[in-house]
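Chains as they are written, first to last, in the numbering used here: chain A, 31 to 384; chain B, 31 to 384; chain C, 31 to 384; chain D, 31 to 384; chain E, 31 to 384.
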Amino acid sequence: MPHFIKKYSKKAGLSPGSLVHIGEKKIETIRIALINYDREQLLEKDLATIEDALPYRDTSPVTWINVDGLHEIAVIEKMGVHFGIHPLVLEDIVHTGQRPKAENFDDYIYVVLKMLDIDTAADHITAEQVSLVLGPHFLISFQEKEGDVFDNVRQRIRKTRGRIRMSGTDYLAYALMDAVVDHYFEILEKLGEKIEQLEEELLENPTPRILENIHHIKREMIFFRKQVWPLREVLNSLIKDPSDLIQESTHIFLRDVYDHTIQIIDTIESLRDVLSGLSDLYLSTVSNRMNEVMKVLTIIATIFIPLTFIAGIYGMNFEFMPELKWRWSYPVLWILLIVIFSAMLLWFKKRRWL
Amino acid sequence: MPHFIKKYSKKAGLSPGSLVHIGEKKIETIRIALINYDREQLLEKDLATIEDALPYRDTSPVTWINVDGLHEIAVIEKMGVHFGIHPLVLEDIVHTGQRPKAENFDDYIYVVLKMLDIDTAADHITAEQVSLVLGPHFLISFQEKEGDVFDNVRQRIRKTRGRIRMSGTDYLAYALMDAVVDHYFEILEKLGEKIEQLEEELLENPTPRILENIHHIKREMIFFRKQVWPLREVLNSLIKDPSDLIQESTHIFLRDVYDHTIQIIDTIESLRDVLSGLSDLYLSTVSNRMNEVMKVLTIIATIFIPLTFIAGIYGMNFEFMPELKWRWSYPVLWILLIVIFSAMLLWFKKRRWL
Amino acid sequence: MPHFIKKYSKKAGLSPGSLVHIGEKKIETIRIALINYDREQLLEKDLATIEDALPYRDTSPVTWINVDGLHEIAVIEKMGVHFGIHPLVLEDIVHTGQRPKAENFDDYIYVVLKMLDIDTAADHITAEQVSLVLGPHFLISFQEKEGDVFDNVRQRIRKTRGRIRMSGTDYLAYALMDAVVDHYFEILEKLGEKIEQLEEELLENPTPRILENIHHIKREMIFFRKQVWPLREVLNSLIKDPSDLIQESTHIFLRDVYDHTIQIIDTIESLRDVLSGLSDLYLSTVSNRMNEVMKVLTIIATIFIPLTFIAGIYGMNFEFMPELKWRWSYPVLWILLIVIFSAMLLWFKKRRWL
Amino acid sequence: MPHFIKKYSKKAGLSPGSLVHIGEKKIETIRIALINYDREQLLEKDLATIEDALPYRDTSPVTWINVDGLHEIAVIEKMGVHFGIHPLVLEDIVHTGQRPKAENFDDYIYVVLKMLDIDTAADHITAEQVSLVLGPHFLISFQEKEGDVFDNVRQRIRKTRGRIRMSGTDYLAYALMDAVVDHYFEILEKLGEKIEQLEEELLENPTPRILENIHHIKREMIFFRKQVWPLREVLNSLIKDPSDLIQESTHIFLRDVYDHTIQIIDTIESLRDVLSGLSDLYLSTVSNRMNEVMKVLTIIATIFIPLTFIAGIYGMNFEFMPELKWRWSYPVLWILLIVIFSAMLLWFKKRRWL
Amino acid sequence: MPHFIKKYSKKAGLSPGSLVHIGEKKIETIRIALINYDREQLLEKDLATIEDALPYRDTSPVTWINVDGLHEIAVIEKMGVHFGIHPLVLEDIVHTGQRPKAENFDDYIYVVLKMLDIDTAADHITAEQVSLVLGPHFLISFQEKEGDVFDNVRQRIRKTRGRIRMSGTDYLAYALMDAVVDHYFEILEKLGEKIEQLEEELLENPTPRILENIHHIKREMIFFRKQVWPLREVLNSLIKDPSDLIQESTHIFLRDVYDHTIQIIDTIESLRDVLSGLSDLYLSTVSNRMNEVMKVLTIIATIFIPLTFIAGIYGMNFEFMPELKWRWSYPVLWILLIVIFSAMLLWFKKRRWL
């Protein structure tokens, strides 16, 4: 089961702002990568310590610092100090059970997203928390592990002429969010295909395994929906944000991601309706099959039990049973049996059981 | 299954504004038709290249350019350049998985709709994306394939005196949207008739096939609803649009389409309620039938199994069974059997099973 | 089935404002009746042509023109011209598939309502469209056929001292809407009685016929709700209407009709809840009965099948079966049978099946 | 069934403001009781005619007139004249089918409530309509019959030092509403206890009677909810009322009743969820029991039917059946029967049916 | 069953503001503990009488008075007098059936919360009412019994450098609310684990006990949701509170608790969806099992009943049955039986019952 609840108990009772990494440790060492670019120049390097990033903090138009791994609390804490990030935000960054949200702290905007993936081995959706801290000249992104979803954005930055090279940190933040949301569509496609396949199997030959699969996908859908639903509000608040951190020209791009989010939510709802229709169909089909089984039993039993009774009567050993001695008893009995048999068949036919 | 999800994966990772045609290629070549008209004059011609449309772009009161086919990216891109359309809009035009929406870009309004049709062969609803770009003097409509829904609008333009000849591009946009929405009613009618028919069959003779049909229509309804529901918001935003692109006098017409949309949504909801009532009725009927089948089995088995047991007793071959030698055993036994039989019948009658 | 969808296809593709009568033709000829009144005087007459109404249009305080029958398009069209009614409104008047709504056109307010009735023969609710055009000095009401719901209003006008004689067209409009809404209560009462009756029958003796009746009333409820639900909004918009057409003093009366509408909607919802409770109760009762039937079968079969087997054993014809020759076999066997029988009964008793 | 619909038909077609008493006549004669009090003095008397109340109407700080019984239309009408109450309000007072509401008429506020009670004989909730007319110096309360819910308020007035003696009519109105709402809690408690009891019975021994009880309480809940739900809005509108009739200092008390109402609605919803859980549990339990019954039948039948067949074979009377003559046939057969019997038992064990 | 309803009846009819302790008496004697602190100093002491707290009321920056036990009405009443708390608030404090709410009384803010716990013995959630009265220099917290949830806050106060020592009463109130909400997560975790466990058991071996457990957790969820749901509104109103009692800098912390509350509600909803999926899965599994049972019965009965009939025929004792004397009857009959048996098996195979 995709865990609906992170282990909060680890930090119950600590004072707010205490940094405790909650979630699985997904990689061994933290990796900090810096990309510094503007229209003309581009600099990429891996950082050993966070202090190496300081010279780039305020000077150049866009500095993107990507952090993979959240378990080294000390590093995160130092970043908080150097970039002026509120302790509560740091707490949220390392506690991977956040709900997607956006908060404006005047100096920077803090955005939490969920990057989703399908773990094909266990056949369920996994969620990784992505945090963005968007300042005027820097954008810090935090991921739980190295991933390839942001690689496309890196590629686009490396090309000299992309719009991304001519825009600020807000456009970079948009590009990252867009990459995450675009990835949702792929998951949705896979789920959609599975549902289609289940439906075909169900119409052909309903087995209990299908039922378990329906249940499984239903739960994945609940999980998916829970991760995507709040995003709507997040994007809406970013679009309506009055601060200077997000420029007017970026709004149309955020609106585009917003539209995608709505589309995903819409589709999730439709698929859930389809799934619950499949459940109903399964139950009805089982009922139908049971009905059929019962009919076969009833027809056979109802015809042969009375006939067997008649045979039983003439199997009795009474000394004085006149029929037993009569010459034509046996053929007459056969006629009787055949008449009863046929009458029963007719009756079943009339009731449309045959 | 009407595909709830378009293949987004084709373009995952591309930068925003990259034009990729997503959807089926429904016709061979793009066809661009221009109609230029005002109160006095009317000009219709097919264009070889989009540049041929430029002279008409700003001069005449209304220029309607209709594009059938979305797969020639280069053509669409050139239109974007010549008519000043934002790359994100172009992206949405060729990506046929959009949700209906309206966006105001000051210079023009972009509207996406879904034209629905019933594919009678496969017996399901198909959706075609229709995009409208409404400028001050031009209106460009994009369709996936040539269709006949807009023919009525063309006819009305050809008549000299219609209101359409005296109005601007906003009225033309209204006329096209109205044509699309009017077509929804026809689909609704057909679905309504099918449901009525299913209901009659169900009350007469419920077969498993009916169940599959109910499920099928339910899913078509989910698909239909998904396409129409956002339209409500689209029309509302157009009515409340403060820009000059839509004149005051057109509002009443948009309100009319809005009313139609609400009516369609209302009816879809009512039909869904009816359908779910049918599902319940089916299940109950199956239960009832099962009950009846079981009663027949129980009555027959309950009456004859004890009688057969009695016959079995006197079929035993013990040497010392006094009854076997008694003169009246056989008739007394028959009386006994008949008494038991009648008592059982009475008991069933009392329990209202007969 | 009360038709949820009117035949829209008849007018698909026509230009907006084209008058086509959609709906059943319920009477032979249009009948136009005029009532002109103020505090002192009262004039009633039937009109041959609509032009006869013109002298009364603007002069006298209140002129009520009631039109029964909507199929003579020419007459409706002339009224449109003489009273300055917008073509889209005329279209709505003759197209009987409208959703209840109110629209303010500065010079007049257009209101659509549904007058409901129970067709006792077919045992379902029928809807008739009533349109009101409320001008400063005239009120035109359109009905599909002559009805008696408005007769009470006519009676009240004929009495000299009623408040209606001292008020304007807005109060008259209120009186007509009130008459329509009051009639809803009667239908609700009849449906409520039917549901109560069904419930009693269900608790006493659940038959499949009850199930069909529940389904039938459920669908009537869906239809009823669909007609009444939008009325709430209609009345609300009339109460909040800022124009001079509705005077301040009439607001309290409209609020009264509004309260009635809310009450009807509330009661419909409650009755739907009750109905769905009945459905559940029916299903559970059927399950219970099935359970009982199965228990009887199981008890009888479980007791007698093993006993019959034992009798069968001693009915075998082996030459060497020592028991057959033993003197006390038969009575001992009877004791065995009775012991088994009693043990089984005890076991069933312990399991509370008896 | 608690009647969801009052007999509206009695007054269909009457002009608005016509006073017709709709509802049961619950007491023989109207009783009018007056209490006039301020900080220092207190006067209680029963009035023969309503005119006796006039001297107290405007002079003293608080005059509370309580009317028990609504069927003497003439009395109510006179009160309307003397206290300046709008005919529509009088109509609502005597028509006991109102939905709870509050209306401000500048000179007075009109509030309708439902006083609920449990009719222990018929075991259902009864509703009595309570109307309050709150003027600057008087408060008139109308009840259908004499009740004891208001007695506590009377007691508090009789004590010299209560806050009630120092406050105006608005506080008195609050006290009466509070008494009504407090009484709801008692009903809720009783319903809650019944549900708890049902749950225990259900888990112990589910009988069809429990099902009927669940259905019964469900319907009472629908009725209860229908009466209480609108109260929320009523109290909210009173709290937000800008007029002088309700003083600032009373708002906190009204907010207290409002909180109680929300609490009641919350609890009703929770109990409805619990009830629907019980329904489901019942159905599942019945299914489970059926399953168990079927298993017993299947095990017995599946074991003994083949055995009986074998016994039947050797009960045949063919002259040439070699086994019949063989010396060890009978013991070998017994071994065979026991082997089959044991194999079957093992198979059932493996399938976890035993 | 977690009691959804407190015993209101105890105080029906009392005047508002009468203090009656409603709820269980959970500890023997009231315990009043005072903590007085600012940046530099810290004073902790237990108070014998509430008057001992007066010197600290207004002077020092933060005075936290924690009261365990609500049953000594006199003490609560005196606190009301000394700290100027409205009688209605006092009433709410001692009446433990409140719904979570926040009310601003200018001089102080009154907040009610529910502290939840799992009673592991009875295996259900218990709720304890926590009231906070937040003044400019004091904060009074009322609990029903001594608990350890607030201990962490005490620890943090004792440390010299915590943010809590540098902040006012509003931050203390936040810290207490945060402690309560954090504790919800632990309960949620435990419920989540139980559900996961149930799911595994269900997929492996569905027993009726699982059904009862599902029902049990469902009801706990209803109870949980009822306690947490209103908290959302409470926190929202505190964040938007315009008064000086809550400082700007505390808003971000309150927003953090708000986020946690939303997350809890979200998770509760998801878990309820999962639970209702489990119910459905259980029902379907039971249906499936029944189906399987029925199939076994039907196959065995359908095969052997006709065969037994044939054996019965030749067990009859007629004198004139030519087959009985024929030499090859017996082997031919065996061949016949085997053919019938095989044909039946094939038929079942074809129908996929085997």
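Note that beta-carbon positions come from the ideal geometry of N, C-alpha and C, so glycine has one too.
For a contact meaning CB atoms closer than 8 Å, what does ARG186 of chain B contact in chain C?
SER45
Measuring only the C-alpha atoms, how far is ILE365 of chain A from TRP383 of chain E?
34 Å
What residue ranges within the segment 340-373 of chain C form continuous alpha helix (DSSP H) runs of no fewer than 4 residues, ordered along the chain?
352-355
Taking C-beta pairs closer than 8 Å, name the residues in chain D that ALA331 of chain C reaches, listed in chain order.
LEU327, ILE330, ALA331
Which listed residue (A:GLU353, A:ARG188, A:GLU349) has its alpha carbon closest to that of PRO352 of chain B:
A:GLU349
Reference ASN134 of chain B; option with closest CA among B:ASP153, B:LEU164, B:VAL124
Checking every option, the nearest Cα to that of ASN134 of chain B belongs to B:LEU164.
CB of LEU327 of chain C within 7 Å of CB of THR291 of chain C, strictly:
no
Starting from TRP259 of chain E, trace the alpha helix (DSSP H) in both directions and tell me its first and last residue.
238-269 is the span of the alpha helix (DSSP H), which, as asked, contains TRP259 of chain E.
For PRO336 of chain C, decide whether its Cβ has a neighbour in chain D, counting only Cβ atoms nearer than 7 Å.
yes
Going by DSSP, what residues sit across from ALA104 of chain E in a beta bridge?
Note: ALA104 of chain E sits in no beta bridge, so no partner.
Taking only three categories from DSSP, how would you classify HIS125 of chain A?
strand
State yes or no: is the beta carbon of ARG381 of chain B nearer than 7 Å to at least one beta carbon in chain A?
no
Can the beta-carbon of GLY47 of chain E be found less than 7 Å from the beta-carbon of PRO117 of chain E?
Yes. Within cutoff.
Tell me, to the nearest whole angstrom, how far the beta carbon of VAL142 of chain A is from that of SER161 of chain A; I am working on the premise that it is less than 8 Å.
Yes, VAL142 of chain A and SER161 of chain A are in contact; Cβ-Cβ is about 5 Å, under 8 Å.
Rounded to a whole number of angstroms, what is the C-alpha to C-alpha distance between LYS248 of chain C and PHE254 of chain C?
10 Å
Can you tell me where the beta strand (DSSP E) holding ASP208 of chain C begins and where it ends?
DSSP places ASP208 of chain C outside any beta strand (DSSP E); the residue lies instead in the alpha helix (DSSP H), whose first and last residues are 199-234.
Could you give the C-beta distance for VAL92 of chain E and GLY192 of chain E, rounded to a whole number, given that I count them as a contact under 8 Å?
That belief does not hold up - the Cβ atoms of VAL92 of chain E and GLY192 of chain E are roughly 12 Å apart, past 8 Å.
Candidates C:ASN235, C:HIS213, C:PRO238, C:ASP271: which alpha carbon is nearest VAL258 of chain C's?
C:HIS213
Less than 7 Å separating the beta-carbons of ILE103 of chain E and LEU49 of chain E?
yes
Decide if ILE368 of chain A is buried, meaning its Cβ has at least 16 other Cβ atoms within 10 Å, or exposed.
Exposed, by the Cβ-count rule.
Residues near VAL210 of chain A in its chain [Cβ-Cβ closer than 7 Å; skip 5 each side]
Closer than 7 Å at the Cβ level, and outside the excluded window around VAL210 of chain A, lie LEU143, MET145, VAL160, VAL179.
Partners in chain A for GLY307 of chain E, counting only beta-carbon separations shorter than 7 Å:
HIS245, LYS248, ARG249
Output, in chain order, the set of chain D residues within a Cβ distance shorter than 7 Å of ILE343 of chain C.
By Cβ distance, chain D contributes ALA341.
Examine chain E for any beta-carbon lying closer than 7 Å to the beta-carbon of PRO238 of chain A, and answer yes or no.
yes
Contacting residues, own chain, Cβ-Cβ under 6 Å from ILE62 of chain D (five flanking each side not counted)
LEU77, VAL97
Would you check if the distance between the CB atom of SER267 of chain C and the CB atom of ALA132 of chain C is smaller than 7 Å?
yes
Buried versus exposed call for GLY114 of chain B [16 or more other C-beta atoms within 10 Å across all chains shown]
Answer is exposed; the Cβ neighbour count stays below 16.
Can you tell me which of the three DSSP states TRP383 of chain E falls into?
The answer is coil: DSSP assigns TRP383 of chain E none of H, G, I, E or B.
Does HIS154 of chain B come out as helix, strand or coil in the three-state DSSP assignment?
strand
Could you check which residue in B:GLN293, B:GLU230, B:LEU120 has the C-alpha nearest to that of TYR140 of chain B?
B:LEU120
With 16 other CB atoms within 10 Å as the buried threshold, where does THR126 of chain D fall?
Sixteen is the threshold: when 16 or more other Cβ atoms of the shown chains lie within 10 Å of the Cβ of THR126 of chain D, as they do, the residue is buried.
Which of the three DSSP states is assigned to MET31 of chain D in this structure?
Low confidence applies here, because MET31 of chain D scores a pLDDT of 46, under 50, leaving its location unreliable; read the following figure in that light. In the three-state reduction of the DSSP assignment, MET31 of chain D falls in the coil class.
So if I threshold CB-CB distances at 8 Å, which residues from the segment 84-116 of chain E count as touching chain D?
HIS116
Which term fits VAL111 of chain A, buried or exposed, when burial requires 16 or more other beta carbons within 10 angstroms of its beta carbon?
exposed
Looking at the C-beta of ASN321 of chain D, does it have a partner C-beta in chain E at a distance below 7 Å?
yes
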